[in-house]
């Protein structure tokens, strides 16, 4: 295994090492045979698709730190001047898709490295801009990505102004939003730009924005600063859909159609405590037939719940969902847990669709219904909260310095909480009392957890739709009296 790792490192050196090696090669004599053998860039004659003459393709095998091995390709034709650059992954397709999110809050964030594969979709919410997947990969920076978008949209603007003024106006509005990000000098001063300082040197204010890379193949990447604890950077994985697996060539359309036909084979039966019900379906990750199991379970010192579990034996995809199996509670319940060490992260937690969650130490408040129902551990739900909030918090304007500081402090505190690096308090408030946190000392009271029951007010019952539910005396409402004073039964 060690020998295999060494051979892989020799074949795919780090990109920084290649840069240093290339500079050293330029200073040496190129006629030395040993130097030619150690040359990191390979050259291959290739057919130019523009003039059909022979051009040159340069291949560089490199490894991007904390990501994977990639192949960088550059083609140039000396006859017609045609050029083309592309990057491809040298590894296998990941079992899950990836979503990288980076908050670009100042100009130094524009230098973050970006690897975009051929299957990657890029989204910049502040600009309402979505770039679909292309047929080739790209190795660039955030600034280079924005500059390429600006250049591609600008090239046909004079023609659009004549032929399609409506499209011209909309694209020009987008270009005007991108100008402050690039911080370039005006076109009229283009001749003097070489003598003028850059936008970073002048510290020109830049509107903050968000870059999201969504790649079902998992072969894209955006650089973090320092470590993966970077508060402005986040990685989230997700199971691929059947359509995405078909698009990637992992599942044949015929196999997918056969699997979908088996979904209708399930039968409805009354639920009992001793019986496990099985429903046939299609795996959302690999597209093969799978089974979802459902069982009624009693959680000790809590209540009956319905657990639905899905496990794919082909790709390892797993999912679970929990529903309450008991009647509506007459009171709400508030659970307060003081977490002091990593042992508390392993506690089971059931958060229903109606529960809200609060962590006062970091000013985190999730309203009732946020994140839906979850049956996981304390560590698991904190990780899910971080992934959701890292995408949505600060979606608006955050140009003020104080806003940036609060944003960084908030995400840093949330990461400390989910890593048990500081004591904190979890307050789980559920008006329907369908939520639960494991008591490690059951049946004795847990010294770190308190449970409080309370009466719901009218607004809470109205929001839950309980004010319109009548379980007693509803027979009287069935006899509706018409205008003549007789009931419907007497009329009949």
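In full-length UniProt numbering, the protein residues as written are 1 to 492.
Beta carbons are placed, not taken as given, at the ideal position from N, Cα and C, and that holds for glycine.
All values reported here derive from a predicted model rather than from experimental measurement.
What first and last residue would you give for the beta strand (DSSP E) that runs through residue i?
i           : result
residue 493 : Because the chain spans 1 through 492 in this model, residue 493 falls outside it and cannot be assessed.
residue 169 : Note, residue 169: premise wrong, no beta strand (DSSP E); alpha helix (DSSP H) at 165 to 182.
residue 41  : 41 to 47
residue 235 : 233 to 238
residue 452 : 449 to 454
Going by DSSP, what residues sit across from residue i in a beta bridge?
i           : result
residue 226 : Residue 226 is not bridged to any residue.
residue 100 : 213 and 235
residue 54  : 47
residue 94  : DSSP, once it has assigned bridges, lists no residue as partnering residue 94.
residue 159 : Beta-bridge pairing links residue 159 to no other residue.
residue 76  : 56 and 83
residue 139 : 115
Following the continuous alpha helix (DSSP H) through residue i, name the residue where it begins and the one where it ends.
i           : result
residue 442 : Here residue 442 belongs to no alpha helix (DSSP H), and DSSP marks it neither H nor E.
residue 469 : It is not in any alpha helix (DSSP H) - residue 469 carries neither H nor E in the DSSP assignment.
residue 461 : 458 to 463
residue 142 : 142 to 154
residue 242 : 242 to 247
Which residue wins for smallest C-alpha separation from residue i, given the options the options?
i           : options               : result
residue 139 : 102, 74, 365 and 83   : 74
residue 141 : 211, 374 and 446      : 211
residue 356 : 373, 407 and 459      : 373
residue 294 : 184, 306 and 84       : 306
residue 442 : 406, 419 and 347      : 347
residue 148 : 214, 345 and 182      : 182
residue 407 : 462, 45, 72 and 232   : 232
residue 206 : 430, 370 and 179      : 179
residue 351 : 330, 428 and 388      : 428
residue 365 : 378, 377, 385 and 349 : 385
residue 61  : 42, 76 and 53         : 42
residue 58  : 124, 177, 72 and 235  : 72
residue 287 : 311, 118, 276 and 304 : 311
residue 341 : 378, 412, 321 and 78  : 378
residue 415 : 405, 383 and 250      : 383
residue 362 : 329, 417, 315 and 343 : 417
residue 381 : 344, 412 and 410      : 344
residue 371 : 330, 321 and 248      : 321
residue 177 : 168, 167 and 150      : 150
residue 367 : 276, 290, 323 and 463 : 463
residue 296 : 289, 304 and 110      : 304
residue 100 : 124, 44 and 235       : 235
residue 184 : 409, 143 and 166      : 143
residue 292 : 277, 226 and 49       : 277
residue 328 : 349, 430 and 175      : 430
residue 126 : 108, 119, 102 and 120 : 102
residue 493 : 76, 145 and 118       : The requested residue 493 is not part of the displayed model; the chain covers only 1 to 492.
residue 245 : 213, 229 and 282      : 282
Inset, instruction - Taking only runs that begin and end inside the stretch 109 to 137, name each unbroken beta strand (DSSP E) of 3 or more residues, in chain order. - result: 113 to 116, 121 to 124 and 129 to 131
Legend entry - Runs of alpha helix (DSSP H) lying entirely within the UniProt domain "Zinc finger ZPR1-type" (281 to 439), each at least 4 residues, in chain order: 378 to 392 and 401 to 418
Inset, instruction - Evaluate the contact criterion for the stretch 126 to 140 versus the stretch 155 to 167: three or more CB pairs, one atom per stretch, below 8 Å. - result: no
Legend entry - Meets three-Cβ-pair contact criterion under 8 Å: the stretch 94 to 103 and the stretch 236 to 253: yes
Inset, instruction - Could you tell me whether the stretch 331 to 339 touches the stretch 444 to 458, using the rule of 3 or more Cβ pairs below 8 Å? - result: yes
Inset, instruction - Spell out a yes or no on whether the stretch 434 to 447 and the stretch 414 to 423 are touching, meaning 3 or more CB-CB pairs, one atom from each, closer than 8 Å. - result: no
Inset, instruction - Examine the Cβ distances between the stretch 114 to 122 and the stretch 217 to 237 and report whether three or more of them are shorter than 8 Å. - result: yes
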